[in-house]
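Per full-length UniProt numbering: the sequence shown = residues 1 to 428. For reference, the structure discussed in these notes is given below.
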Amino acid sequence: MVAHQELSLIQAVRKENIQQVKTILSQGVDVNTTDPHNTTALIYAAQRGELNMVESILQFGANVNHQKKPQGVTALMLAASGNHIAIVDALIQAGANVNQVNSDGSHALMIAVYKGHSDIVQRLLDAAADVNLQDNDGDTALSLAIQQNYIAIAIQLIQKGVNIAQLYPDNETALTLAAEKGNFDLISYLLKAGCDVNHSTSSGDTALLIAATEGHTEVVKILLEFGANLHHQNLEGETALHLATVEGHLSVVQILLEAGIKATQRNKLGDTPLILATLQGYEEIVKELLKYQANPNVENQSETPLTLAIAQEHSTIVKILLDSGANPNQFYLDGKTILMKAAELNNATIIQDLLNVGANINQKDKNGGTALMWASYRGNLEAVQTLLQTPNISLNDRNPGGLTALMLAQIQQYHVIVSLLQKAGAIG
1 MVAHQELSLI
11 QAVRKENIQQ
21 VKTILSQGVD
31 VNTTDPHNTT
41 ALIYAAQRGE
51 LNMVESILQF
61 GANVNHQKKP
71 QGVTALMLAA
81 SGNHIAIVDA
91 LIQAGANVNQ
101 VNSDGSHALM
111 IAVYKGHSDI
121 VQRLLDAAAD
131 VNLQDNDGDT
141 ALSLAIQQNY
151 IAIAIQLIQK
161 GVNIAQLYPD
171 NETALTLAAE
181 KGNFDLISYL
191 LKAGCDVNHS
201 TSSGDTALLI
211 AATEGHTEVV
221 KILLEFGANL
231 HHQNLEGETA
241 LHLATVEGHL
251 SVVQILLEAG
261 IKATQRNKLG
271 DTPLILATLQ
281 GYEEIVKELL
291 KYQANPNVEN
301 QSETPLTLAI
311 AQEHSTIVKI
321 LLDSGANPNQ
331 FYLDGKTILM
341 KAAELNNATI
351 IQDLLNVGAN
361 INQKDKNGGT
371 ALMWASYRGN
381 LEAVQTLLQT
391 PNISLNDRNP
401 GGLTALMLAQ
411 IQQYHVIVSL
421 LQKAGAIG
């Protein structure tokens with residue numbers, strides 16, 4: 001049980017009564033006594049930023065390295081966290097262990113870095129704090145600085161000789177961590193300091209792939225200048241171009257294409273960047289990829305950019321693809337042509353664009369249906385109107401059941417369409 005006088009010491013510190021503290025200590029009370037929270041007078045004083053109190057307690061032989069359980073924090077850690085510079089100086093001068101770690105495996109330097117206290121960081125570095133110590137999560141002072149985007153502190157650490165090749169969880173390095181944040185100055189510093197520009201993480205991503213994913217244009221440029229492998233693929237087979245495309249980073253896509261990356265490379269799912277750009281509806285990226293010889297008729301799992309664009313009704317992308325040579329007579333897996341799909345969707349713009357480049361208006365699917373039959377059966381007035389404007393349309397083709405487009409419209413009781421077909425000369 002803690003004696004009354006010893007509790008009074010803690011209470012005097014918490015009340016910031018320095019004279020009472022001196023009096024109690026002069027009476028022989030143990031300066032290292034702890035309260036029920038395992039906290040000493042020195043820890044309380046350091047945490048509160050009371051320099052005079054800290055100095056007075058130290059004069060009575062306080063244990064400068066006492067750790068408060070269960071977290072294991074010390075007076076130095078708390079002073080560093082609170083940015084109490086003078087107290088940090090006093091504790092170091094009194095013999096504080098700058099490399100003592102808490103229950104998380106962190107030391108005062110890591111705490112100061114995490115809080116962004118650059119002056120404290122410098123004092124701890126000058127006191128020989130271990131710049132390469134890793135905590136229980138595998139972080140170092142440098143990785144924390146990068147994650148918090150404290151660039152000046154990161155540079156402080158590098159200048160002090162931190163291991164820039166240190167590996168972190170998921171096989172990350174300082175460079176791959178920095179690439180995600182996108183700070184150009186730090187990336188430049190790390191590259192000039194000799195970081196491996198082509199190191200890959202456990203997922204196979206390099207700094208270039210990470211920067212491309214995040215859309216950090218200037219970082220992508222400098223990584224390429226320092227020899228980043230333009231054609232590297234991660235474990236999923238993705239290149240920087242795939243990743244930039246998926247995220248819609250047009251400027252990065254342009255830089256990569258200008259640098260010579262393959263616009264036709266497939267990932268492990270078989271997708272090319274053009275397929276991905278089409279899926280995402282990125283018109284400008286589709287244009288860029290086609291400008292660099294991406295194949296508009298590339299196929300993956302029976303889908304092409306055009307079939308995908310039509311299914312999603314990306315009308316502008318459909319036009320871009322057709323203008324670049326996409327085949328207007330492609331089929332879907334269900335046997336329908338892309339023109340039939342457009343007719344089913346009642347998308348007159350896509351229908352007209354397909355017809356303008358030679359889509360076969362009278363092509364039949366495996367069930368004997370034509371685009372006009374499908375539009376009539378679905379009651380898609382705009383589609384029917386657009387199809388009827390085509391001179392070579394066969395109005396009276398029959399499906400295997402003997403039904404014409406007019407008959408299908410009559411069955412469904414689409415009277416306006418029935419009238420249109422009859423005026424155009426349909427019989428049935």
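Where is the CB? At the ideal position from N, CA and C, for every residue including glycine. It should be emphasised that the depicted structure is a prediction, and the values quoted were computed from it without experimental measurement.
Alpha-carbon spacing of residue i relative to residue j, whole angstroms
| i | j | result |
| --- | --- | --- |
| GLU172 | VAL31 | 45 Å |
| GLY194 | LYS181 | 19 Å |
| ALA86 | LEU177 | 33 Å |
| MET1 | THR34 | Confidence is the limiting factor: at MET1 the pLDDT is only 35, short of 50, which leaves the residue's position unreliable and the question unanswerable from this model. |
| ALA154 | GLY138 | 17 Å |
| SER394 | THR272 | 38 Å |
| LEU241 | LEU209 | 8 Å |
| ASN329 | SER302 | 14 Å |
| LEU355 | GLN293 | 24 Å |
| ASN234 | SER200 | 8 Å |
| GLN389 | VAL220 | 51 Å |
| ALA359 | ASN392 | 12 Å |
| ASN327 | ALA311 | 15 Å |
| ALA277 | GLN67 | 56 Å |
| LEU408 | ALA179 | 60 Å |
| ILE261 | SER203 | 21 Å |
| ALA405 | ASP397 | 8 Å |
| LEU109 | VAL101 | 10 Å |
| ILE320 | ILE411 | 38 Å |
| ASN267 | GLN166 | 30 Å |
| GLN122 | GLN156 | 8 Å |
| VAL21 | ASP205 | 58 Å |
| LEU403 | TYR332 | 23 Å |
| VAL246 | ILE164 | 31 Å |
Terminal residues of the alpha helix (DSSP H) in which residue i lies
| i | result |
| --- | --- |
| GLU218 | 217-225 |
| THR213 | 207-214 |
| HIS415 | 415-423 |
| THR245 | 240-247 |
| ILE393 | From DSSP, ILE393 is part of no alpha helix (DSSP H); its letter is neither H nor E. |
| SER202 | From DSSP, SER202 is part of no alpha helix (DSSP H); its letter is neither H nor E. |
| SER143 | 141-147 |
| LYS22 | 18-26 |
| TYR114 | 108-115 |
| ASN52 | 51-59 |
Helix, strand or coil at residue i according to DSSP, with G and I counted as helix
| i | result |
| --- | --- |
| LYS291 | helix |
| THR278 | helix |
| VAL2 | With a pLDDT of 46 at VAL2, under the threshold of 50, the predicted position of this residue should be treated as unreliable, though the coordinate-derived value follows. Coil, per DSSP. |
| LYS68 | strand |
| PHE184 | helix |
| VAL73 | strand |
| TYR168 | strand |
| THR370 | coil |
| ASN356 | helix |
| THR176 | helix |
| GLU303 | strand |
| THR316 | helix |
| THR40 | strand |
| THR34 | strand |
| THR264 | coil |
| THR349 | helix |
| ALA404 | Looking at the sequence shown, residue 404 is not Ala but Thr. Correct three-state label for THR404: coil. |
| residue 460 | Any answer about residue 460 is impossible in this case: the structure gives the chain only from 1 up to 428. |
| VAL384 | helix |
Cβ distance (whole Å) where residue i is taken to contact residue j below 8 Å
| i | j | result |
| --- | --- | --- |
| ALA244 | ALA212 | 4 Å |
| VAL318 | ALA309 | 5 Å |
| LEU223 | VAL197 | 6 Å |
| LYS160 | VAL113 | Wrong, their Cβ atoms sit about 12 Å apart, outside the cutoff. |
| ALA128 | VAL88 | Going by Cβ atoms, the distance from ALA128 to VAL88 rounds to 14 Å, so no, they are not a contact pair. |
| ALA80 | LEU124 | 7 Å |
| LEU387 | ILE350 | Not confirmed; about 12 Å, so no contact. |
| SER296 | GLY325 | For clarity, residue 296 is Pro in the given sequence; the question names Ser instead. That belief holds up - the Cβ atoms of PRO296 and GLY325 are roughly 6 Å apart, short of 8 Å. |
| VAL73 | ALA45 | With a Cβ gap of about 14 Å, VAL73 and ALA45 do not count as contacting. |
| THR239 | GLN265 | 5 Å |
| LEU42 | ILE24 | Between ILE24 and LEU42 the Cβ distance is about 14 Å, and since that is not below 8 Å, they are no contact. |
| GLU288 | LEU257 | 6 Å |
| LEU322 | ASP353 | 6 Å |
Distance cut-off 8 Å: residue i Cβ against heavy atoms of the ligand COA
| i | result |
| --- | --- |
| GLY248 | In the structure shown, the ligand COA is absent, as is every other ligand, since no ligand is present at all. |
Touch test, the segment 343-352 against the segment 376-396, Cβ-Cβ under 8 Å, three pairs minimum: yes
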